[in-house]
Amino acid sequence: VRQGPDYFENKRRFANWTPFAKRLRNIVSNRVPLFVLQSFSDNMLVELRHLGEASRFDAVWVERAIGAEMASRAGFRRFVTDLDSVEAVNIWRNLKATSFYWSKGIHVAEAAKTWWYERGLAGRFGPVVVCKEDDRRRFGRRSDRVFVVPNGVGELPLVDSAKEVTGRMLFIGDMNYEPNIEAVAYFHREILPVVRALVPDAHLVVVGRGHSEQVAALADNRTLIYAGEAADLEAYCDESAVFVVPIRLGG
Numbered sequence: 002v003r004q005g006p007d008y009f010e011n012k013r014r015f016a017n018w019t020p021f022a023k024r025l026r027n028i029v030s031n032r033v034p035l036f037v038l039q040s041f042s043d044n045m046l047v048e049l050r051h052l053g054e055a056s057r058f059d060a061v062w063v064e065r066a067i068g069a070e071m072a073s074r075a076g077f078r079r080f081v082t083d084l085d086s087v088e089a090v091n092i093w094r095n096l097k098a099t100s101f102y103w104s105k106g107i108h109v110a111e112a113a114k115t116w117w118y119e120r121g122l123a124g125r126f127g128p129v130v131v132c133k134e135d136d137r138r139r140f141g142r143r144s145d146r147v148f149v150v151p152n153g154v155g156e157l158p159l160v161d162s163a164k165e166v167t168g169r170m171l172f173i174g175d176m177n178y179e180p181n182i183e184a185v186a187y188f189h190r191e192i193l194p195v196v197r198a199l200v201p202d203a204h205l206v207v208v209g210r211g212h213s214e215q216v217a218a219l220a221d222n223r224t225l226i227y228a229g230e231a232a233d234l235e236a237y238c239d240e241s242a243v244f245v246v247p248i249r250l251g252g
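Here you go:
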């Protein structure tokens with residue numbers, strides 16, 4: 002189902018530049034946090050209602066809190082909610098990684114509201130699935146309704162050290178995902194100069210689907226090589242001495 006104009010209207014309505022009074026009023030008067038309101042779509046809700054009226058389902062699986070909220074409003078009573086990322090954790094990490102700004106207090110309040118909202122998902126909608134045990138424990142007394150399904154990763158063969166390129170470090174990640182973009186920029190700015198002072202040949206290769214102009218601007222083919230999407234990662238793994246994961250944001 003495509004997101005209709007109402008989706009983009011909500012994006013504008015609840016964007017960061019929304020007047021302070023309106024944002025504060027939303028925190029106090031609406032139990033649904035900002036990250037859900039930003040993605041809510043009336044068009045999607047209509048489609049879900051039509052789907053529920055036309056068919057009977059033995060099992061329903063929805064993704065993220067927005068999926069749970071919309072499925073509930075569309076009339077689905079029991080379903081499994083897949084929280085591939087706990088949004089409250091993402092918000093807190095973002096706040097910790099940023100310096101002071103005047104509206105930071107409102108974002109701290111939004112993070113607290115998001116934390117309580119997500120903790121209540123297991124009690125309101127049914128079972129919840131998360132990626133790791135740490136996320137399950139965040140649900141407190143409702144954690145008995147939360148189940149861990151770890152992320153699956155295809156097994157790669159052992160690297161061929163004979164193909165290793167001196168000083169090569171590898172980062173693999175989706176370049177449409179902001180935490181990955183921030184990770185590469187942070188590593189290039191803060192960590193790579195320190196490493197190169199000790200190992201002059203050190204350089205970073207970035208591999209992943211999508212395209213980031215910010216990462217592309219850093220690529221000089223000397224300190225950073227932006228390889229883009231790769232159908233086969235084996236060669237990149239063979240050529241790399243170190244795999245780096247400088248993730249500071251995200252879940």
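Read in order, the letters of the sequence shown correspond to residues 2 to 252 in this note's numbering.
Beta carbons are placed, not taken as given, at the ideal position from N, Cα and C, and that holds for glycine.
Please return the same chain residues whose Cβ sits closer than 6 Å to the Cβ of residue i, not counting the five positions on each side in sequence.
| i | result |
| --- | --- |
| residue 1 | No information on residue 1 is available, as it lies outside the stretch 2 to 252 that the chain covers here. |
| residue 4 | Because the pLDDT of residue 4 is 41, which lies under 50, any placement of that residue in the model is unreliable, and the number read from its coordinates should be weighed accordingly. Cβ neighbours of residue 4 beyond the five flanking positions: 42. |
| residue 202 | 167 and 168 |
| residue 22 | none |
| residue 161 | 239 |
Grouping DSSP H, G and I as helix and E and B as strand, with all else coil, what is residue i?
| i | result |
| --- | --- |
| residue 59 | coil |
| residue 236 | helix |
| residue 21 | helix |
| residue 94 | helix |
| residue 223 | coil |
| residue 228 | strand |
With a threshold of 8 Å on Cβ separation, who are the neighbours of residue i within its own chain once the five nearest residues in sequence on each side are excluded?
| i | result |
| --- | --- |
| residue 133 | 149 and 151 |
| residue 250 | 91, 94, 95, 98, 179, 180, 183 and 184 |
| residue 128 | 81, 82, 146, 147 and 148 |
| residue 72 | 49, 61, 63, 80 and 126 |
| residue 219 | 185, 186, 189, 225 and 227 |
Can you tell me the Cβ-Cβ gap for residue i and residue j, rounded? I've got them flagged as a contact below 8 Å.
| i | j | result |
| --- | --- | --- |
| residue 88 | residue 119 | 6 Å |
| residue 122 | residue 82 | 6 Å |
| residue 212 | residue 225 | With 8 Å as the limit, residue 212 and residue 225 do not qualify as a contact, their Cβ atoms being about 15 Å apart. |
| residue 176 | residue 216 | 6 Å |
| residue 165 | residue 242 | 6 Å |
| residue 34 | residue 114 | 5 Å |
| residue 174 | residue 143 | Not a contact, Cβ separation roughly 32 Å. |
| residue 244 | residue 171 | 5 Å |
Give every residue of the same chain whose Cβ lies closer than 7 Å to the Cβ of residue i, excluding the five residues on either side of it in the sequence, and list them in chain order.
| i | result |
| --- | --- |
| residue 53 | 75, 76 and 77 |
On the three-pair Cβ rule with 8 Å, is the segment 95–111 touching the segment 43–52? No contact exists between the segment 95–111 and the segment 43–52.
Just to confirm the assignment: which complete alpha helix (DSSP H) runs, minimum length 4, are found wholly within the segment 29–78? 35–38, 43–55 and 65–74
Unbroken beta strand (DSSP E) runs of length 3 or more, entirely within the segment 107–149: which are they? The qualifying runs are 129–131 and 147–149.
Measuring CB atoms only, is the segment 223–233 touching the segment 195–210, in the sense that at least three cross pairs come out at less than 8 Å? yes
Every unbroken alpha helix (DSSP H) inside the segment 164–219 [4 residues or more]: 179–187, 193–199 and 214–219
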